[in-house]
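Take a look at the structure set out below.
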Amino acid sequence: MSNENKSIHEFDFNLICEYFSAMERQGPGSPEVTIKALSFIDNISDGSHIADIGCGTGGQTMVLAQNAPGKITGIDLFPIFIDLFNANARKMNLQDRVKGIVGSMDKLTFDNEELDLIWSEGAIYNIGFEKGLTEWRRFLKRGGYIAVSEASWFTDERPDEIDA
């Protein structure tokens, strides 16, 4: 048996997807954090279009939908996550304005100036913070917002929540 390292391009992500699909969120955060971050954004209306990039199964997306009007499109690379995303939207009776699609965050198909808000909780690192902001900016309408988060802490010790 060979013990050679495989490149990331040969890695089977099915195991990781199966593991993470059982979680409400595939990254850091909580409904309270999502709501708090959303509270800093204004001018979102029934006619707004929001994209949640790197949405996973949509834990934070459904919180957005419950707290912001408008249409929401979730995008994730993994079909199993999007299947669960759309099932969750149906279960919460949000399917008329919340839809998940399989796609790559570095090959978005939105029109220029289509979006009022780009949301990405704990996912922008996949293409890099600077690249994400640079590439995604063109999809925003004038006056639109990009809201991203990453796992970080500002203390010398790990937060208790991490060890819980």
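The opening residue of the sequence shown carries number 41 in the working numbering; numbering runs sequentially from there.
Yeah, the Cβ is synthetic: ideal placement off N, Cα and C, and Gly gets one too.
Fair warning: this is a prediction, and the values are worked out from it, not measured in the lab.
Contact under 8 Å by Cβ, residue i with residue j
i: I206; j: P109; result: The chain is shown only over 41 to 204; residue 206 falls outside these bounds and no answer can be derived.
i: I112; j: R137; result: yes
i: I141; j: I122; result: yes
i: V103; j: I75; result: yes
i: I90; j: L134; result: no
i: N128; j: K139; result: no
i: D116; j: G99; result: no
i: S150; j: F179; result: Correcting the residue identity first, residue 150 is Phe in this sequence and not Ser. Yes, they are a contact pair.
Residue closest to residue i, alpha-carbon to alpha-carbon, out of the options
i: L157; options: G114, K131, G98, G99; result: G114
i: D92; options: R182, D86, N133, S144; result: S144
i: K147; options: F169, E175, L180, V188; result: E175
i: E153; options: V73, F169, I186; result: I186
i: W159; options: V73, V188, K181; result: V188
Residue i - containing alpha helix (DSSP H), residue span
i: R130; result: 119-131
Local Cβ density within 10 Å of residue i, reported as buried at 16 or more and exposed below that
i: G172; result: buried
i: E190; result: exposed
i: T101; result: buried
i: G184; result: buried
i: K161; result: Note that residue 161 is Glu in the sequence shown, not Lys. Under this definition E161 is a buried residue.
i: G87; result: exposed
Residue range of the beta strand (DSSP E) that includes residue i
i: G140; result: 138-142
i: L157; result: 155-161
i: G172; result: Run containing G172: none in the beta strand (DSSP E); it sits in the alpha helix (DSSP H), 169-176.
i: A108; result: Premise fails: A108 is in no beta strand (DSSP E) and is neither H nor E.
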